[in-house]
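Participant:
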Amino acid sequence: MFSGRIIDERWSFTPFEFPEGAWFLELEASHDNQDDIFFLARPSEVESMIACGELLSVNKFTDTTPDYRSNLKIVNAKGGFSSYQAEYPFLMMKKLSSLYTDCSPLTSSRCERVGVFLRNIYSKPLISERKVYLYNNEMQKIIAEFKVLLNSTNFLDLTRFKSDLKNSFLYGVDFIGVPIYFIEYESGAISMEHTHPPHELIGGSDRFGLVQRLKERLGEKISKAFVSQRLG
Amino acid sequence: MKKFLKPLFHSALGRRLRDIAGYRPQLNYYNDFDRVTSSDLFYWTSEEDLRTVFKATDILGKYHDISSNLLLVINNRNGERLSVQRKKFDSENLTIFFDDSVVPSGQSGTFYALMVPDKLITTPVNVINRCYVGYGISEDYSMMHGNQVAIMCPLDNDEFTLDSSFPVLPALNPVKGRFEYFLQESLSNSARNTLLFTNPLARDITVKLMDAEFEIPSMGCEEVNVVVEQGMSRIRVVSDFLWPRPSIMIRRHGFIDVHHC
Numbered sequence: 000m001f002s003g004r005i006i007d008e009r010w011s012f013t014p015f016e017f018p019e020g021a022w023f024l025e026l027e028a029s030h031d032n033q034d035d036i037f038f039l040a041r042p043s044e045v046e047s048m049i050a051c052g053e054l055l056s057v058n059k060f061t062d063t064t065p066d067y068r069s070n071l072k073i074v075n076a077k078g079g080f081s082s083y084q085a086e087y088p089f090l091m092m093k094k095l096s097s098l099y100t101d102c103s104p105l106t107s108s109r110c111e112r113v114g115v116f117l118r119n120i121y122s123k124p125l126i127s128e129r130k131v132y133l134y135n136n137e138m139q140k141i142i143a144e145f146k147v148l149l150n151s152t153n154f155l156d157l158t159r160f161k162s163d164l165k166n167s168f169l170y171g172v173d174f175i176g177v178p179i180y181f182i183e184y185e186s187g188a189i190s191m192e193h194t195h196p197p198h199e200l201i202g203g204s205d206r207f208g209l210v211q212r213l214k215e216r217l218g219e220k221i222s223k224a225f226v227s228q229r230l231g
Numbered sequence: 000m001k002k003f004l005k006p007l008f009h010s011a012l013g014r015r016l017r018d019i020a021g022y023r024p025q026l027n028y029y030n031d032f033d034r035v036t037s038s039d040l041f042y043w044t045s046e047e048d049l050r051t052v053f054k055a056t057d058i059l060g061k062y063h064d065i066s067s068n069l070l071l072v073i074n075n076r077n078g079e080r081l082s083v084q085r086k087k088f089d090s091e092n093l094t095i096f097f098d099d100s101v102v103p104s105g106q107s108g109t110f111y112a113l114m115v116p117d118k119l120i121t122t123p124v125n126v127i128n129r130c131y132v133g134y135g136i137s138e139d140y141s142m143m144h145g146n147q148v149a150i151m152c153p154l155d156n157d158e159f160t161l162d163s164s165f166p167v168l169p170a171l172n173p174v175k176g177r178f179e180y181f182l183q184e185s186l187s188n189s190a191r192n193t194l195l196f197t198n199p200l201a202r203d204i205t206v207k208l209m210d211a212e213f214e215i216p217s218m219g220c221e222e223v224n225v226v227v228e229q230g231m232s233r234i235r236v237v238s239d240f241l242w243p244r245p246s247i248m249i250r251r252h253g254f255i256d257v258h259h260c
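As given, the protein sequences belong to chains A and B, one line each in that order.
Note that numbering that gives the first Met the number 0 numbers the first sequence so that position 42 is 41, with each residue one more than the last.
Note that numbering that gives the first Met the number 0 numbers the second sequence so that position 195 is 194, with each residue one more than the last.
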């Protein structure tokens, strides 16, 4: 197991040792490691990435059915907890297309706090800024604009928009990632789950074409609203 | 050679041979049809203090601009049908609370939710309802996406109707064999851990977990409490069903978390 982070615009990797005979390795998150990536590889495979200067698909160890996943859990001071089975497909690390995620299914207006973690991993060692827009279909306008970073765990606090999220979506330009929605209720209970990428809601030979056309329509909505709100 | 073998591998004959040999059996069939709508076989509960919510997105409307309904079919834990309900998508998203008007209290079971067009269509559509189900105490829901593409309804049939005569099929391979699944997490002994299994096949399935062995009827479900002992390593599920991946409900100190494991 290795962790990776960007230091001085280069990927730097640190090995972990698995305890003898253990099936699972437990890692605790902190402010220091919250943007790190974690993966399984041989030292020689990591050396090839260092030589190349970017993340590579170095082995097929986690190309399994069912999908190879880790359990990512969060807890709060009241004892509330939630987890989900986490993975970040390598193919997503090579792309910088557009992000679309519907805010309705995994948010709630009857919450203390609600938001979304947008985790991005990009193969090149870049930590550059992008924009993500929160668009409301009912009002037909952009109600918030967020700055996010590549190769980072970005948290977008949506609490002040919680009554509008039922009819809203997030759209990012030149940025993709896994949207992990978070709800914290007044009781202390937590919900954490990721939305599916759009192409996993439809099958058939033209599914990527359908998704592309949907994203183009949504991108046009964002552009129109952007211009009209700037001129407004 | 590869050019010849690949089509054979994916052909009906190839899949049958793979099933017989137990070599990489095909997992599901929902891409075999030009027009099909599919769904997970979700678990619902109204037992103890638990409540269930389901959230669906109008996929036919969003991607194909086709007006549609959500067909909700609810079964009890033995797989016997309790009700068929039709819900109209009047906006992009639909939320269904499993209260007394939807399910009996103090019970559990399974359900599937198919998005079906208002009228017969001829254009290719392939809709996968993985949507989101939540379980909670006092409506503080822990949300979870669908576990598997389990049930499908081909829309190729010109006699397709929106009532209970629609032809529903398992979307998962019903091949019988000996299959193993290892839970992808270590469980804590300070929590109540319950594994939730559903069976979308037209036949009963057998599941072995630790020292217990049980049968799950077609369209039914089973809840298995797992007692975690000191030194326990990974938990293995053995079944004659190709995809015995459960969801897990973890309860501790009045809080609940549900996810796939």
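Note that the Cβ used here is the ideal one computed from N, Cα and C, for glycine as well.
My output table needs one value for F178(B): the three-state DSSP class, helix, strand or coil.
Facilitator: If DSSP states are grouped into helix, strand and coil, F178(B) belongs with the strands.
Participant: Using only the alpha-carbon positions, how far apart do F23(A) and T193(B) sit?
Facilitator: Each residue's alpha carbon lies about 20 angstroms from the other.
Participant: Who are the near neighbours of S108(A) in its chain, counting only those whose CB is closer than 6 angstroms to its CB and skipping five residues on each side?
Facilitator: Result list for S108(A): K161, S162, in chain order.
Participant: Who are the neighbours of G79(A) on chain B, taking C-beta pairs under 8 angstroms?
Facilitator: Ordered by position in chain B, the residues that pass the 8 angstroms Cβ test against G79(A) are F254.
Participant: Excluding the 5 residues preceding and the 5 following H259(B) in the sequence, name in chain order all residues of the same chain whose CB lies nearer than 6 angstroms to its CB.
Facilitator: Excluding sequence neighbours, H259(B) sits near N146, S246.
Participant: Starting from the N-terminal side, write out each stretch of the beta strand (DSSP E) that is 3 residues or longer and does not extend beyond the segment 80-166 of chain A.
Facilitator: Those beta strand (DSSP E) runs which fall completely within the segment 80-166 of chain A and span 3+ residues are 80-85, 98-101, 112-118, 128-135, 140-148, 152-156.
Participant: Hey, R251(B) and S189(B) are a contact pair by Cβ (cut 8 angstroms); roughly how many whole angstroms apart?
Facilitator: With a Cβ gap of about 7 angstroms, R251(B) and S189(B) count as contacting.
Participant: Starting from E185(A) and walking both ways along the beta strand (DSSP E), at which residues does that stretch end?
Facilitator: Segment: none, E185(A) is in no beta strand (DSSP E) and carries neither H nor E.
Participant: Helix, strand or coil for K118(B) per DSSP?
Facilitator: DSSP places K118(B) in coil when its eight states are reduced to three.
Participant: Under a Cβ-count criterion, where at least 16 other Cβ atoms within 10 Å of its own Cβ denotes burial, should S100(B) be classed as buried or exposed?
Facilitator: Exposed is the call here.
Participant: Suppose contacts are defined by Cβ-Cβ distances below 9 angstroms. Is V174(B) in contact with D18(B) by that definition?
Facilitator: Their beta carbons are under 9 angstroms apart, which means V174(B) touches D18(B) by this criterion.
Participant: Can you give me the C-alpha to C-alpha distance between A149(B) and E44(A), rounded to a whole angstrom?
Facilitator: When rounded, the distance between both Cα atoms is 38 angstroms.
Participant: For the beta strand (DSSP E) containing I73(B), name the first residue and the last one.
Facilitator: Residues 67-75.
Participant: Alpha carbon to alpha carbon, what distance is there between D117(B) and D7(A)?
Facilitator: D7(A) and D117(B): Cα-Cα distance of roughly 57 angstroms.
Participant: Let's test the definition: count the other Cβ atoms within 10 Å of the Cβ of H193(A) and tell me whether it reaches 16, buried, or not, exposed.
Facilitator: Burial call: buried.
Participant: I need the boundaries of the beta strand (DSSP E) containing L208(B), first residue and last residue.
Facilitator: Start and end: 204-208.
Participant: Along chain B, which residues have their Cβ under 7 angstroms away from the Cβ of Y170(A)?
Facilitator: None at all; the shortest Cβ gap to chain B is about 14 angstroms.
Participant: Can you tell me the Cβ-Cβ gap for L59(B) and M114(B), rounded? I've got them flagged as a contact below 8 angstroms.
Facilitator: Correct: roughly 5 angstroms between the Cβ atoms.
Participant: If you drop the 5 nearest sequence neighbours on each side, which residues of the same chain put their C-beta closer than 6 angstroms to that of M151(B)?
Facilitator: Counting only Cβ-Cβ distances below 6 angstroms, and skipping sequence neighbours, we find Y29, V35, S37, L168, A170.
Participant: Quick check: is the beta carbon of P65(A) nearer than 9 angstroms to any beta carbon in chain B?
Facilitator: With 9 angstroms as the cut-off, P65(A) counts as an interface residue toward chain B.
Participant: In the DSSP assignment, find the alpha helix (DSSP H) that holds S222(A) and state where it starts and stops.
Facilitator: Note, S222(A): alpha helix (DSSP H), 206-230.
Participant: Whose Cβ in chain B lies nearer than 7 angstroms to the Cβ of L105(A)?
Facilitator: Per Cβ cutoff of 7 angstroms: Y131, M142.
Participant: Quick check: the Cα distance between L105(A) and E86(A), rounded to an integer number of angstroms?
Facilitator: Taking the straight line joining both Cα atoms gives about 18 angstroms.
Participant: Pull up the distance between the alpha-carbon of F181(B) and that of P65(A), whole angstroms please.
Facilitator: Roughly 10 angstroms between the two C-alpha positions.
Participant: Throw me the rounded Cβ distance for the N150(A) and I126(A) pair, which I believe falls under 8 angstroms.
Facilitator: Rounded, the Cβ-Cβ distance is 5 angstroms, consistent with contact.
Participant: Should S82(B) and I255(B) be called a contact, given that it needs their Cβ atoms to be closer than 9 angstroms?
Facilitator: Contact: no.
Participant: What does DSSP give as the partner residues of G135(B) in its beta bridges?
Facilitator: Paired residue(s): R50(B), Y140(B).
Participant: Can you find the residues in the same chain that come closer than 7 angstroms, C-beta to C-beta, to P197(A), ignoring five residues on each side of it along the sequence?
Facilitator: Taken in chain order, the residues that qualify are Y99, V210, L213.
Participant: What residue from S2(A), L157(A), E53(A), E199(A) has the CA that sits closest to P124(A)'s CA?
Facilitator: Taking only the C-alpha atoms, the option nearest P124(A) is E53(A).
Participant: In the DSSP assignment, what residue or residues form a beta bridge with Y256(B)?
Facilitator: Note that residue 256(B) is Asp in the sequence shown, not Tyr. D256(B) pairs with I249(B).
Participant: Between the segment 175-192 of chain A and chain B, which residues of the former have CB atoms less than 9 angstroms from a CB of the latter, in chain order?
Facilitator: Within the segment 175-192 of chain A, the qualifying residues are Y180, I182, Y184, E185, S186, G187, A188, I189, S190, M191, E192.
Participant: For chain B, find out if any of its Cβ atoms is closer than 9 angstroms to the Cβ of Y83(A); answer yes or no.
Facilitator: Judged by the 9 angstroms Cβ criterion, Y83(A) is in contact with chain B.
Participant: Would you say N70(A) lies against chain B (beta-carbon separation less than 9 angstroms)?
Facilitator: Yes - at least one Cβ of chain B is within 9 angstroms of the one on N70(A).
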